[in-house]
Structures are given as C-alpha cells and as structure tokens.
Amino acid sequence: MATNDNRRGNARPLPAGEQFFTPGATGLRKAVEERSATPMTFLFTQVPKWAAPAVLVVLLLTGFAVDSWLGGVAVLPVLGFVGWLAYLSWPSLGLGGRLLRVVMLVFLLVLAADRFGVF
C-alpha cells in the first residue's frame, strides 16, 4: 500500500528513467505540468483508486444513453480528463500511442457534438 507508506514518510522513488515533469519543458507545457501536479497528487493519494475510473465510466455511459444536451454535458468531463492526460503524456508516446489518443479525443468530441445536436 503505497499511500500508507507515503503518509509515514516512506515515499517510493520513481523507477529509473522516469520523471514526473518533461525534461527541458518551457512555456505552456511547463505551466500545465506544474498546475497539474496538485490535482494528480490528490487523485492518486486521497481518492480511492476505483473512484475516478468509475465516475468516468458512469459519465460516458450517460453520454451514450441520454440522447439530448444532458448526454453532451455528461461527456464533457470525460473529454476534458482524457485530453488532459493525453497532453501530459504526449512527449513520452510513440506514434501508436499518439494516434490512439487523437482517435479517442475525436470520438468523444463527435459524441458530445452529436448530443448537443450539431449533427
């Protein structure tokens, strides 16, 4: 249990070669990474591990099931979360990972637009 160890002061170090921040990042990327540190720390240490995925699945299923603007509103937090994680992980991804994230974001964007009546 890593969270209990962290509370006692026995923090686990990152594996060799991995860093929390992008080396040499400047401008917008550096600002986003620094502002994301607090929510990510809260999400990974204070919230149960199952809570974030469960909430995102419920919101996504609501977006699929509700064929109105309410379904679109339910998809927006999922779109934001996936976009945020895609942006943070982008520098460390290969072509396949980047393509998968772009496809997922486009799918969520089209789903939200459909629920808002764009199509």
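What the sequence shown shows, in our numbering, is residues 1 to 119, in sequence order.
Heads up, the beta-carbon is just placed ideally off N, CA and C, and yes, glycines get one too.
Problem - For Thr38, three-class secondary structure by DSSP - result: Position 38 of the sequence shown, counted from the start, is the residue given in the question as residue 38. Note: Thr38 maps to helix in three-state DSSP.
Practice task
Flag this pair as touching only if the stretch 47-62 and the stretch 74-84 have three or more C-beta atom pairs under 8 Å; answer yes or no.
Solution key: yes
Problem - alpha helix (DSSP H) segment containing Thr62, residue limits - result: Within the sequence shown, numbered from 1, the residue matching residue 62 stands at position 62. Looking at the DSSP string, the run of the alpha helix (DSSP H) that includes Thr62 is Ala51 to Ala65.
Practice task
Flag this pair as yes or no: are the beta carbons of Gly63 and Arg115 separated by less than 8 Å?
Solution key: Position 63 of the sequence shown holds residue 63. Position 115 of the sequence shown holds residue 115. Result yes, Cβ atoms of Gly63 and Arg115 sit closer than 8 Å.
Exercise for the section: Using three-state DSSP, classify Gly97 as helix, strand or coil. Expected result: Within the sequence shown, the letter at position 97 stands for residue 97. Of the three classes helix, strand and coil, the one that applies to Gly97 here is helix, per DSSP.
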